[in-house]
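**Q**
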Amino acid sequence: MEAGIINRALKQLFIEESKGLAEVAQYLKMRYRIDIDEVVLKKRLEKLLNQEKAVA
88 MEAGIINRAL KQLFIEESKG LAEVAQYLKM RYRIDIDEVV LKKRLEKLLN QEKAVA
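Residue numbers (my numbering): 88 to 143.
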């Protein structure tokens, strides 16, 4: 199953490019007009990291 827009942005910007959560939120708002809170991004990131640990 393909990752969603938010998860792809988190992987690309936060994990690979070492950007902050505020920059990820700004990217989503500018590119896709998705207004998302940093707290929600943090929870998604934790879930994403736990999922990657489970796979590895």
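Even glycine gets a Cβ: it sits at the ideal position worked out from N, Cα and C.
Of all the alpha helix (DSSP H) runs that stay within the bounds of the segment 92-117, which reach a length of 4 or more residues?
**A** 92-96
**Q** Reducing DSSP to helix, strand and coil, say where Met88 ends up.
**A** In this prediction, Met88 scores a pLDDT of 46, lower than 50, which makes its location untrustworthy; the coordinate-derived value is nonetheless stated afterwards. Three-state result, Met88: coil.
**Q** Could you give the distance in angstroms between the alpha-carbon of Asn137 and the alpha-carbon of Leu128?
**A** If I take the Cα positions, the gap works out to 14 angstroms.
**Q** Can Tyr114 and Ala90 be called in contact, C-beta distance under 8 angstroms?
**A** no
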